[in-house]
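*Asks:* Here it is, the structure, as structure tokens.
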Amino acid sequence: MNRKSAGEASADRVLDLFRGVRLTPTQRRIAHSLVQHTASAAYLSAAEVAELAGVSQPSVTRFAMALGYDGYPALRRRLREFAGAGNGTAAGPTVGNELQRAVHDEVDNLHRLAGQLAERDTLTVAGALLAASRPLPVLGLRSAAPLAAYFAYFAAKVLPDVRVLDSGGSLLTDRLDQARAAGATALLAMVMPRYPRESIEAVREARAAGLSVVAITDSAVSPVAEHADVVLPAAVGTQLVFDLHAAPMAMAMVLLQAICDVAPADAQRRLEQFEQSAANRNVFVA
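Numbers in the numbering used here are just positions in the sequence shown, counted from 1, shifted up by 837.
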């Protein structure tokens, strides 16, 4: 049963406007604001959108034209159509309490992720970039730190050197430099809302140092997207006091599968070695 809310459906349609369009950093800020404020953006003026995104009003006009519209009024009419369609296509009445609705919304996020994975080319490219990096640094600050640790725990079973970068400050730069000096060629960056400034800066520094960057983030137009070579979007749940990260976690494990698929024999050999070592040490009960 489809339980996607009108707001979620409208946000999906707005995101579809940007797919395949090469946006400047300023235009990405506008796009991100429209996605984050889908319901209200359809009724704002160009000046109000500019204020919301922290850009100039002419930038909003140029953004609309980059999407193929004559100007912002034409884009706004399209956004209003999305809002109206969303209100008309919600699948039945909302059921359950607020906790159940939050979980249903997270199920919708997973369904959207499953739909994205019908096209595997981007994931394959990401897997190849990360599989070739020795060591593989994995960046995850603040809310993304547990996600980075979860990915790294399993990745370490099939890759020889996985390094979690989960603390900021000067230590983060030191560890990034050490990974690059040790031979790293790519960085996996987990960047979740509210997008820590240090994460964005670390990704920018990694690119400047010659590392390829694969980013798992909540949206194709999140602030980290403009600095990454490959972006793997996975929406977060926003219905509770704190965000739900079921879809980003699923994306992380799907990405690890893509890494293993680059050299399946090597991955299997390393995994068997780990299992034998764990058995010898009686690590697990079952």
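All C-beta atoms, glycine included, are put in the ideal place defined by N, C-alpha and C.
If we ignore side chains and look at the alpha-carbon of each, how far apart do Val-979 and Val-1028 end up?
*Replies:* To locate residue 979, count along the sequence shown from 1; it is residue 142. To locate residue 1028, count along the sequence shown from 1; it is residue 191. The question names Val, but residue 979 is Arg in the sequence shown. The C-alpha of Arg-979 lies about 9 Å from the C-alpha of Val-1028.
*Asks:* Hey, Gly-964 and Val-1099: beta-carbon distance below 8 Å or not?
*Replies:* Taking the first residue of the sequence shown as 1, we reach residue 964 at position 127. Taking the first residue of the sequence shown as 1, we reach residue 1099 at position 262. It is a contact, given that the beta carbons lie within the stated cut-off.
*Asks:* To the nearest angstrom, how far is the alpha carbon of Phe-1121 from that of Ala-1102?
*Replies:* In the sequence shown, counting from the first residue as 1, residue 1121 sits at position 284. In the sequence shown, counting from the first residue as 1, residue 1102 sits at position 265. Their Cα atoms are separated by approximately 25 Å.
*Asks:* What's the C-alpha gap between Ala-1087 and Gly-1020?
*Replies:* Looking up residue 1087 in the sequence shown gives position 250. Looking up residue 1020 in the sequence shown gives position 183. Cα to Cα, Ala-1087 sits roughly 28 Å from Gly-1020.
*Asks:* By the 10 Å Cβ neighbour count, where 16 or more other Cβ atoms means buried, how is Val-858 classified, buried or exposed?
*Replies:* Numbered from 1 along the sequence shown, position 21 holds the residue referred to as residue 858. The residue is exposed, with fewer than 16 neighbouring Cβ atoms inside 10 Å.
*Asks:* Which residues in the same chain as Gly-925 place their Cβ atom closer than 6 Å to its Cβ, once the five residues preceding and following it in sequence are excluded?
*Replies:* By one-based count along the sequence shown, residue 925 stands at place 88. Residue confidence is low: Gly-925 scores 45 on pLDDT, short of 50, so the model does not pin down where it sits. Its coordinate-derived value is still stated next. Within the same chain, Gly-925 has no close Cβ partners at all.
*Asks:* Have a look at the DSSP bridge pairing and note the partners of Arg-1000.
*Replies:* In the sequence shown, residue 1000 corresponds to position 163, counting from 1. Arg-1000 pairs with Pro-974.
*Asks:* Quick one: give me the first and last residue of the beta strand (DSSP E) that Leu-1069 is part of.
*Replies:* To locate residue 1069, count along the sequence shown from 1; it is residue 232. Element bounds for Leu-1069: 1067 to 1070.
*Asks:* Please report the Cβ distance between Ser-893 and Ala-901, rounded to the nearest whole angstrom; I am assuming they are in contact, meaning their Cβ atoms lie under 8 Å.
*Replies:* Position 56 of the sequence shown, counted from the first residue, corresponds to residue 893. Position 64 of the sequence shown, counted from the first residue, corresponds to residue 901. Going by Cβ atoms, the distance from Ser-893 to Ala-901 rounds to 13 Å, so no, they are not a contact pair.
*Asks:* Does DSSP put Val-1061 in a helix, a strand or coil?
*Replies:* By one-based count along the sequence shown, residue 1061 stands at place 224. The answer is coil: DSSP assigns Val-1061 none of H, G, I, E or B.
*Asks:* Straight-line CA distance for Thr-898 to Leu-860?
*Replies:* Working through the sequence shown from its first residue, we reach residue 898 at position 61. Working through the sequence shown from its first residue, we reach residue 860 at position 23. Each residue's alpha carbon lies about 13 Å from the other.
*Asks:* Checking the sheet assignment: what are the DSSP bridge partners for Met-1027?
*Replies:* Mapped onto the sequence shown, residue 1027 falls at position 190. For Met-1027, which the question treats as bridged, DSSP gives the partners Gly-977, Ile-1053.
*Asks:* For Gln-937 and chain B, any beta-carbon pair shorter than 8 Å?
*Replies:* Here there is only one protein chain, and chain B is not present.
*Asks:* Looking only at C-alpha atoms, which of Pro-910, Val-1078, Lys-994 sits nearest to Ala-883?
*Replies:* As a first step, residue 883 must be located in the sequence shown, where it is residue number 46. Looking from the CA of Ala-883, the closest CA among Pro-910, Val-1078, Lys-994 belongs to Pro-910.
*Asks:* In the structure shown, what three-state DSSP assignment does Leu-860 receive?
*Replies:* In the sequence shown, residue 860 corresponds to position 23, counting from 1. It is coil, neither helix nor strand.
*Asks:* Pull up the DSSP beta-bridge partners for Leu-881, would you.
*Replies:* As a working mapping, residue 881 is identified with position 44 in the sequence shown. Partner residues in a beta bridge of Leu-881, as assigned by DSSP, do not exist.
*Asks:* Taking Leu-966 and Ser-1049 to be in contact with their CB atoms under 8 Å, please state how far apart those CB atoms are, rounded to whole angstroms.
*Replies:* Counting from 1 along the sequence shown, the entry for residue 966 is found at position 129. Counting from 1 along the sequence shown, the entry for residue 1049 is found at position 212. Right, their Cβ atoms sit about 5 Å apart.
*Asks:* Given a cut-off of 8 Å, decide if Ser-1059 and Tyr-1032 are closer than it, judged by their beta-carbon atoms.
*Replies:* As a working mapping, residue 1032 is identified with position 195 in the sequence shown. As a working mapping, residue 1059 is identified with position 222 in the sequence shown. It is a contact, given that the beta carbons lie within the stated cut-off.
*Asks:* Taking the alpha helix (DSSP H) that Ala-1083 falls in, what are its first and last residues?
*Replies:* Within the sequence shown, residue 1083 is the residue found at index 246, counting from 1. Its alpha helix (DSSP H) spans residues 1083 to 1099.
*Asks:* Near Ala-939, what residues of its chain come up, given a Cβ to Cβ distance below 8 Å and the 5 sequence neighbours on each side ignored?
*Replies:* Mapped onto the sequence shown, residue 939 falls at position 102. Once the five neighbours on either side are set aside, the close Cβ partners of Ala-939 are Gly-1074, Gln-1076, Leu-1077, Leu-1081.
*Asks:* Give the C-beta separation of Ala-1023 and Ala-1062 to the nearest angstrom, bearing in mind that I take them to be a contact with Cβ-Cβ under 8 Å.
*Replies:* Counted from its first residue, the sequence shown places residue 1023 at position 186. Counted from its first residue, the sequence shown places residue 1062 at position 225. Wrong, their Cβ atoms sit about 17 Å apart, outside the cutoff.
*Asks:* Answer with buried or exposed for Gly-929, where buried requires no fewer than 16 other C-beta atoms within 10 angstroms of its C-beta.
*Replies:* For this step, residue 929 is matched to residue 92 along the sequence shown. Per-residue confidence for Gly-929 stands at a pLDDT of 40, beneath the threshold of 50, marking its modelled position as unreliable; the derived number appears in the next sentence. Exposed: under 16 other Cβ atoms inside 10 Å.
*Asks:* Looking only at DSSP bridge pairs, what is Gly-1074 linked to?
*Replies:* As a working note, residue 1074 is residue 237 in the sequence shown. Looking at the DSSP output, Gly-1074 bridges to Leu-1081.
*Asks:* Grouping DSSP H, G and I as helix and E and B as strand, with all else coil, what is Val-851?
*Replies:* Taking the sequence shown and counting its residues from 1, one reaches residue 851 at position 14. Residue state for Val-851 is assigned as helix, using DSSP reduced to three classes.
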